[in-house]
Structures are given as structure tokens and as C-alpha cells.
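Chains as they are written, first to last, in full-length UniProt numbering: chain A, 1 to 501; chain B, 1 to 501.
The structure under discussion appears below in the form of C-alpha cells.
Number of protein chains: 2
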Amino acid sequence: MPSAAGRGQGQERRPENGDSSAAEDYAKERYGVSSMIQSQEKPDRVLVRIKDLTAEKADEEVWVRGRIHTSRAKGKQCFLVLRQQQFNIQALVAVGQHASKQMVKFAANITKESIVDIEGVVRKAHQKIGGCTQQDVELHVQRIYVISSAEPRLPLQLDDAVRPEVEGEEDGRATVNQDTRLDNRIIDLRTSTSQAIFCLQSGICQLFRETLIRKGFVEIQTPKIISAASEGGANVFTVSYFKTSAYLAQSPQLYKQMCICADFEKVFCVGPVFRAEDSNTHRHLTEFVGLDIEMAFNYHYHEVVDEIADTLVQIFKGLQERFQTEIQTVSKQFPCEPFKFLEPTLRLEYREGVAMLREAGVEMGDEEDLRYLAGHNCVSLGKYDTDFYILDKYPLAVRPFYTMPDPANPKTSNSYDMFMRGEEILSGAQRIHDPQLLTERAKHHGIDLEKIKAYIDSFRFGAPPHAGGGIGLERVTMLYLGLHNVRQTSMFPRDPKRLTP
Amino acid sequence: MPSAAGRGQGQERRPENGDSSAAEDYAKERYGVSSMIQSQEKPDRVLVRIKDLTAEKADEEVWVRGRIHTSRAKGKQCFLVLRQQQFNIQALVAVGQHASKQMVKFAANITKESIVDIEGVVRKAHQKIGGCTQQDVELHVQRIYVISSAEPRLPLQLDDAVRPEVEGEEDGRATVNQDTRLDNRIIDLRTSTSQAIFCLQSGICQLFRETLIRKGFVEIQTPKIISAASEGGANVFTVSYFKTSAYLAQSPQLYKQMCICADFEKVFCVGPVFRAEDSNTHRHLTEFVGLDIEMAFNYHYHEVVDEIADTLVQIFKGLQERFQTEIQTVSKQFPCEPFKFLEPTLRLEYREGVAMLREAGVEMGDEEDLRYLAGHNCVSLGKYDTDFYILDKYPLAVRPFYTMPDPANPKTSNSYDMFMRGEEILSGAQRIHDPQLLTERAKHHGIDLEKIKAYIDSFRFGAPPHAGGGIGLERVTMLYLGLHNVRQTSMFPRDPKRLTP
Chain A
1 MPSAAGRGQG QERRPENGDS SAAEDYAKER YGVSSMIQSQ EKPDRVLVRI
51 KDLTAEKADE EVWVRGRIHT SRAKGKQCFL VLRQQQFNIQ ALVAVGQHAS
101 KQMVKFAANI TKESIVDIEG VVRKAHQKIG GCTQQDVELH VQRIYVISSA
151 EPRLPLQLDD AVRPEVEGEE DGRATVNQDT RLDNRIIDLR TSTSQAIFCL
201 QSGICQLFRE TLIRKGFVEI QTPKIISAAS EGGANVFTVS YFKTSAYLAQ
251 SPQLYKQMCI CADFEKVFCV GPVFRAEDSN THRHLTEFVG LDIEMAFNYH
301 YHEVVDEIAD TLVQIFKGLQ ERFQTEIQTV SKQFPCEPFK FLEPTLRLEY
351 REGVAMLREA GVEMGDEEDL RYLAGHNCVS LGKYDTDFYI LDKYPLAVRP
401 FYTMPDPANP KTSNSYDMFM RGEEILSGAQ RIHDPQLLTE RAKHHGIDLE
451 KIKAYIDSFR FGAPPHAGGG IGLERVTMLY LGLHNVRQTS MFPRDPKRLT
501 P
Chain B
1 MPSAAGRGQG QERRPENGDS SAAEDYAKER YGVSSMIQSQ EKPDRVLVRI
51 KDLTAEKADE EVWVRGRIHT SRAKGKQCFL VLRQQQFNIQ ALVAVGQHAS
101 KQMVKFAANI TKESIVDIEG VVRKAHQKIG GCTQQDVELH VQRIYVISSA
151 EPRLPLQLDD AVRPEVEGEE DGRATVNQDT RLDNRIIDLR TSTSQAIFCL
201 QSGICQLFRE TLIRKGFVEI QTPKIISAAS EGGANVFTVS YFKTSAYLAQ
251 SPQLYKQMCI CADFEKVFCV GPVFRAEDSN THRHLTEFVG LDIEMAFNYH
301 YHEVVDEIAD TLVQIFKGLQ ERFQTEIQTV SKQFPCEPFK FLEPTLRLEY
351 REGVAMLREA GVEMGDEEDL RYLAGHNCVS LGKYDTDFYI LDKYPLAVRP
401 FYTMPDPANP KTSNSYDMFM RGEEILSGAQ RIHDPQLLTE RAKHHGIDLE
451 KIKAYIDSFR FGAPPHAGGG IGLERVTMLY LGLHNVRQTS MFPRDPKRLT
501 P
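Have a look at this one:
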């Protein structure tokens, strides 16, 4: 189907691909390829949403814009499935008063994924229409115009892309592998599963901020281009900056803390975080979205742990309440148990986690980082019947230099991780707010004091005790929905091997 | 005052700087430097907020944590001003039943900006206390402990930093220049003006998203590390990416449009935008926060223009309603007329703007970019009595290649800018959604087609007509408050000469 570009500027409709006997076509004004919409006019026409086409609208004449999801010609009829985001409806073009055989042929030839405007009458279906979200009605087409044509060969088929993997393996029907999906992301993102994943992800951000603003937090914006590597210098991307060079922030850590030193008391930020780690796993990205929190507390960092845990609980609850449709849609392709959590959140000490792992037969040292044993702890914590818990009091040795040591035990620290379905989604700690102790700890870690001078100096003019943490948005989305790869929950993922699209 | 770091771990209080006759000090348990708060315990003590200390609390005994804003000793008394964010209260330490002369001396010696815990009784003031936000009460101190000491020499004085510039020039009292402020940003951010600016900025983000979510938009996250320069290649920062190199996104343009092609229909994103422009002006940053919108429309891009303009109007209204205190606080240091706007928003065509400028005596060509004449148009538009307006139909020649040409006039385009107090804050357009026309326009602009192949290919599988725009957060904050430099509204600004802190 030729493109309409460069055509006349009017809104007129011209049939094409018609028979040579077009002169006899009594419906020739009722179909065709529209000229490109260039804002030539402002018609009064109302376009109805497909999701609103229900039995209540029976016998109404409506205009709808949607994509051709599938098309099947059968004698003098053509059945189209018209799609709009997660919703679709059957549309029938049949030879009769409104449609000529040329019009039916035209409709049957419209390529899949093309966008069309249809005028039709909503009719009650004689029986439920399987495979459509609007099962009780169909649309009897009176006019059909192509607004934007798709090329005839799609790089992947949407029906293949939403097929559950297991089913595909069993019956031999095609599924789409991850690289094909990501290489053709704009098509892959059109599936009902992708639409649902990213609507829900938008909801996570919204619930995160809503909850924190209600709790009196202030949103901050922190710079991503920084002059010194924030956490020691490893795994950092270098940027050329005019005549010098700079780095991409591995976290908003320093800036969040500076805002605390500047009396903002409770801050959060949502933004990209960059890690030049050559990790090719299901849970690592080189660029991801951090949901970061930092908060001054009065006497004990558990005041902060409780606020963060409650924030996550509010997110889980909000998703259940507002995004049930999306959760159901995703579970059709990726079946999974609903996400379970307790109130208040289960908080265990690290040593208890280790003890449980050992009971379950896992061998590990006292100071080994439990995060790298993801999956194991999920199983061994089964008795608590929760998919969300906190491990508190990590070994001092496995945490960054700015972590506050535990006053009760020189081997542990005031730090914590939070887990969803057995995988770490947040890492946090009380930070050292005293410049003298911070200097000692940095020296102990062999860090060049000159490089972190500005950081240490931030605490010289009065600093409140504070704690915080950083949450990975893509991980939360993945684990809440029971998905298995963080690339499914990043619209345009970046990893050591992927920089496009 | 020595740091408390490395001391004992208990919550005990030890006097210091006392007389040698400490044995006679009947108040010695009532003051001192606390050991570092390392989460040793979870006391029941409630800390009251300074803003809640009003006449209603008269004669109550309360605990408060705050910073020493100022301190003035006078015989057997010491007057402190205790500050908490935008609020402050006078606190009196006087020799008597609770305080010894050693305790008064200790209090008088606490360095400014140190954080202290005070137990005191709220007393009605005999007369209004000028210079404090809590004018009706003062706090009679019974105990005072230093939680975190500030070094004695502050790099800038907070009182100097909030002094209106004009007043400073007139009476010779000190003000603080911009570089000193930015070099010592954590102190500068503690001023009431800074606190207000950034609370209001947090509100702008919140109102932007609230409004768009209500309008059915979805929040998206777009990658900042990209494989090809998004808008032609100039002014882009290069990043080393493992064994290859990449770029920092100059806008989320391509990704917003891909989301439209992927059927998200209405999207927004809030995130950093990077421009390697060597511009050292009051309105340019190399990294700023973009509030970006993209939306599929039915027939005319004005559908989108109306949604964007209404979103800005909702922000302006929301700020008026929710941030009046902050607006007042900033205007004390930077006096300015309240921000004015019309409903619906004034929309003029570019040629009308040019005509008005010429009337006002400005010489300019028909296709010269009006954005660079900021200030002039502000004056000439005075008759409309609005600080917010839209200029529509820019010359095609001054806009990017992907801008939809105006079907009615080959010299103009379906593009627009929005202005606040005469300065551009948003640039937007209908985008070309047809791959053939897009290719033609790119060729016309001399752009290497190979480099934008992925971009053009995005439109080959059916693309709805769409338009959008990008708003600069720091500019909106600056212009709403009538400030004069975008560095005042970026917490940690980045420009060609500044990469720190």
C-alpha cells in the first residue's frame, strides 16, 4: 500500500486499489487512503474509544480510530479485528447497502498494524466474540479510511509476542525471542502484555511519589554529570566535558546527602543511574531508573527503614487496587502467584538469614554477601508467607565506606537490604554524618581522601543523623509481576551488549 | 568545638568547656555535646516542630531539634535563634533554677549552624519577636545538647545570603555573590529563599504529573545513553561505553515518538537533558531537567497545544494555591509581581509577534528566530496583561527537520513556543509521522540518512499524527518566581565552567 505522503493537503478521501470498473463502485466515497493528517482542519467528529464500545451503545453510529490487528476475508465479507492499546473489537465489512465488493476487497488488503478511521454501527453480537476484549458487540463498517499504512512485512507478529512460552513449546506455535523483541521494540511494546507492564510501571512511580509527598518528603533533582566518581571510581562511565572529562553518576548518593545537610530533611528523587558493570545477567542494566530516598532521623535508623518499607507496602497496595486489569493481562502470558506481603513488614537480621540458609543446606561464610545468593533465601523464608522482607545489620565488610558501623558489634553495620520474591530491590544504610569517622572509614577502605574531599566537607557545618536507600524501578516491576528478566520492564534497555534502539 | 566522633556509644551527655570549678556546677547534667547518634537506642522522646510552636503551646515543656541560627550572650543570659527549614524561634538560656552560669557560657559558645536538642518551656512573648517566624512565643531552655557541631568559620553567612541585593547595595551590608553561593551550595540551600525555591520546584513537578495523569497520560522512562546523536550531532556529549562510544541524549524526542508509535498515545517524562553548548548565559545549563510531553491527536495539533497550555495553567494555579508561603518568602529577597495568565491561554501567530516587535521599533527579518529576542516581546505584549502566551506557526526554516510543514504556507510550520515573562520555556511542534516526507525533509537539511535510519523506520508500521513539546523545569521555576538566573533554580547547576559540587 503506497504511502500517502506528499499528496494533496485536503482531508478528501480517495479510493485506490479499486477495480478498473471503479465507475460502477457505488461506495467509492466510503473508503480509501486519507491524505496525511497535517492539521488541515478541525472537524467536529468525535472518535469513540474501543473500550467504551459495549452493549449499551448498540445501534449507535460511531467513528473509531484503531489499528488493524488481524484481517480475514471470507466471500463477500471481511472480518477485521480493530485494536486500541489493550482493547479490541471485531469489525465487519460486508457487501450491502454501505459497502461494495471493491470496498470489501480494499478493506481486506489493508496491511496489519495500519491505522484506520472507521464509521460503523455498533451491533450486539449473536454469540460472545472470542479473542476480543469487547465480546458482546461488533462494528458494522460503513466507511473505512487508512490514516497511516504499515509496511506489509512486520518484523514480528503481535500474536506470537503475547503467546505464553510454555504453550509455545508444547504445541510448536511460534514465540518471539528477546533480541527480536528488543530490536523491534516499537512493535513489541504494542502487545497487551507490554502495554500493561509499562502502565503499571508508570503507576509504581506515581505511588512512590504520592506516598512520599504525603509523608512530607520533597522531590529533588540531582546532577548526572559529576566531576568525581561518587563511589570509589570503579564501574563508572566517562564523559568528555568540553576541555576536560567527567563521569556519569552511579547513584544520587552524595547529592541526596548534601540535601540532608542542607536541611531538606526528607528527600526523594527518581532518575537514571549509570553503572559501567560488564554484567550480563537477568537483573543488571547499565542504565536503570533509581527511586531514591534519604531522610534525617531523630534517634534510630529504623525510623527510616520503617518509612521506606511502608512506602513499598503502599505501592504494593496501590497496584492491587488500581492496576488489577494490568496484573491480569500480564499473568495471561506470564502466570504467577499474586504478590504477598505482611504489615508490618518482616524484618530479620542478617545472621538469621544466614542461619536459615545453612539450615536449608547452603554453604556460606558469615560475611559473605547474601544478595548474591538470591533465590535460595526465597525458598528458605517460605515459612513466613511473604514475598517482601527486610534483612538488617549486614556485615560491615561488605558495605560501602560511608556506612555507619553498628555500635553494638564491630563486625556489623546499620545497613539493610529489601527483597521481593527473594531478589534484592533496595540497598540502604545509616550514613556516617561525622567527618572524622567518615575520614577514618575511607582510609580503612583505601580510598583516596583527596577525591572525596568535597563529600567529607559536606558534613563539617552540622549534619543530622540520616539514612536512606535506592530502589531499582525495573526490578520492582519485574518482581511484582513475577517476570524473569529486567529487560522486560525497561522500555529501551541498556546493557554491555545493547545500546539500541 | 571538638567533634563527638569516636566517643562512647551511649546516649549520655557530658559537659565540656565548663569552668575548672565544674564540681560546683548544679546544671552539669543539663548540657553538653552528645555522643554521635549511631542508633544506640530508641527513646520515646517526641521532637516538636518549630513551626508548631505557637501561643497555643504556651507553658508546655517540649523537646526541639534545630540549628543555631544566631546566638547573642548578654550578662547572665544567652539568646539563641533556633532554625528549622523556613521557621525559627527565639530560645533563652538564663542563669536560674535550670541553668548555671557554666551552662549559659556553654550555650553561648556553640557555633552557628550546629544542630542542638533543646528541652524547654514554651512561654508567651511580652512583645512580638522581630526577625523570627514564631513571633508570639519563645523557648525557655532547660537542657541543651549539641547533636552535630559546625566548624566555627562558615564560608558564607545565611543572613547575608538572604539579603535583597538592592538593599545591600544601598546600605553597604554584605550580600553573597553567585559563585560563593554555588561553591558552598549546602549552606546556601539552607536559606529560607533556597528552601522555598526548591519546595516550589518539587511542587511544579508534582503538579505537572498530577495534571497529566488526570488527563490519561502515561509516564515513561527514556534512556539517556544513546548510540546516535538524536538531533543531528552538534552540541552532544560523548560517553565511553565499554569498547565503543555513545552519546548523552539531548532530549527524549526520539523515544517519546517511539512510544507514540508503540500506541501509548499520551506520554510524559521528567528527566535530565544534556546539551554540550558552550553558552554562558543566564538561561543556559549543560544539564537541565526536561518536562516532556508527546501525544497522538485526532485531526489538528492544536488539540495538543491546548492540552500543554492547560497543563501549564494548572501548574500556575496549583502553585498559587499550595505554595503561597514559598512565593512570599522568595519575594522578600527578590521582589516581583505575581505571575499573571489568561484562560484560555493567549495564542498568537508568529507573524503577529514579529509585527508587534516591529511596531515597538525592533528590527528583525521575517524568518529570524524570535526566541533570541527575549525581553523585547515581553514589553510589546504588555497590552494583553498576561505573563504566559503561545507563539504559533514558526518559520519552517528555523525548526528541526522533523517539524511538520504548514499545509497552508510553505514558509511556516505546525510549530510553537510558549513564553513566561517574555522568555521561552517550551518548544514544540507537530512531528512528521510519514517516513517518506521525513526522509525528504532530512535530506533537505543535509542530514546523513544512515544515522537516522532507526528513527525514520519507527514510522513504517503505522504511526498516528502526533505533537509534543519539552519544558525546561529550571526556567519555569525561575520565571514564575521572577528570578534572573537559572542557576538559582538548579540545586547543583552544570554549565561549561561549573561541574561541582
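Backbone N, C-alpha and C define an ideal beta-carbon position, used for all residues, glycine too.
Return the chain-ordered list of same chain residues with a C-beta closer than 7 Å to the C-beta of residue i, the five sequence neighbours on each side being excluded.
i: F339 (chain A); result: F316, D387, Y480
i: A246 (chain B); result: I225, I226, S227, V239
Helix, strand or coil: which one does DSSP assign to residue i?
i: R143 (chain A); result: strand
i: K266 (chain B); result: strand
i: A94 (chain A); result: strand
i: P272 (chain A); result: strand
i: T244 (chain B); result: strand
i: K340 (chain A); result: coil
i: R67 (chain B); result: strand
i: N109 (chain A); result: helix
i: T311 (chain B); result: helix
i: F288 (chain A); result: strand
i: K74 (chain B); result: strand
i: D117 (chain B); result: strand
i: D417 (chain A); result: strand
i: A397 (chain A); result: helix
Buried or exposed: which applies to residue i, given that a residue is buried once 16 or more other Cβ atoms fall within 10 Å of its Cβ?
i: E61 (chain B); result: exposed
i: Y350 (chain B); result: buried
i: Y26 (chain B); result: exposed
i: A360 (chain B); result: exposed
i: N414 (chain A); result: buried
i: L182 (chain B); result: buried
i: E165 (chain A); result: exposed
i: M491 (chain B); result: buried
i: G375 (chain A); result: Interpretation of G375 (chain A) is limited by its pLDDT of 49, a score under 50 that renders its predicted location unreliable; the figure taken from the coordinates is listed afterwards. Its Cβ having fewer than 16 others within 10 Å, G375 (chain A) is exposed.
i: Q324 (chain B); result: exposed
i: D19 (chain B); result: Because the pLDDT at D19 (chain B) is just 48, under 50, the model does not fix this residue reliably, and the value given afterwards should be weighed accordingly. With fewer than 16 Cβ atoms within 10 Å of its Cβ, D19 (chain B) is classed as exposed.
i: H302 (chain B); result: buried
If I measure Cβ to Cβ from residue i and keep anything under 6 Å in the same chain, skipping five residues before and after, which residues do I get?
i: E326 (chain B); result: A196, C199, L200
i: Q84 (chain B); result: I50, G66
i: M478 (chain A); result: V486, T489
i: Y455 (chain A); result: L254
Compare the beta carbon distance of residue i and residue j with 8 Å and say whether it is the shorter of the two.
i: R494 (chain A); j: T286 (chain A); result: yes
i: residue 502 (chain B); j: A296 (chain B); result: The question about residue 502 (chain B) has no answer, for chain B in this structure spans 1 to 501.
i: F268 (chain B); j: D292 (chain B); result: yes
i: R283 (chain A); j: V486 (chain A); result: yes
i: V476 (chain A); j: I204 (chain A); result: yes
i: S34 (chain B); j: H433 (chain A); result: no
i: Q77 (chain A); j: A94 (chain A); result: yes
i: I68 (chain B); j: S114 (chain B); result: yes
i: A442 (chain B); j: I452 (chain B); result: yes
i: R123 (chain B); j: H140 (chain B); result: yes
i: R431 (chain A); j: Y402 (chain A); result: yes
i: I187 (chain A); j: L212 (chain A); result: no
Please compile the residues from chain B whose C-beta is within a distance smaller than 8 Å of the C-beta of residue i.
i: Q206 (chain A); result: R209, I213, E219
i: N187 (chain A); result: The amino acid occupying residue 187 (chain A) in the given sequence is Ile; Asn does not appear at that position. What I187 (chain A) touches in chain B: A262, F461.
i: S331 (chain A); result: Neighbours of S331 (chain A) on chain B: none; closest Cβ ~20 Å, over 8 Å.
i: C199 (chain A); result: V218
Might you give, ordered along the chain, the residues of its own chain that have their beta carbon closer than 8 Å to the beta carbon of residue i, omitting 5 neighbours on each side?
i: M258 (chain A); result: S458
i: V162 (chain B); result: T191, S192, T193, K332, Q333
Using the beta-carbon of each residue, which ones in chain B are nearer than 9 Å to residue i?
i: L158 (chain A); result: By Cβ distance, chain B contributes nothing, its closest Cβ being about 11 Å from L158 (chain A), past 9 Å.
Under 9 Å Cβ-Cβ, which residues of chain E neighbour residue i?
i: M491 (chain A); result: In summary, chain E is missing from the structure at hand, where the protein chains are A and B.
In chain A, which residues lie with their C-beta within 8 Å of the C-beta of residue i?
i: M404 (chain B); result: Q38, S39
i: H302 (chain B); result: S39, K42
Find the residues of chain A that neighbour residue i, judging by a C-beta separation of less than 9 Å, and give them in chain order.
i: Y31 (chain B); result: By Cβ distance, chain A contributes nothing, its closest Cβ being about 17 Å from Y31 (chain B), past 9 Å.
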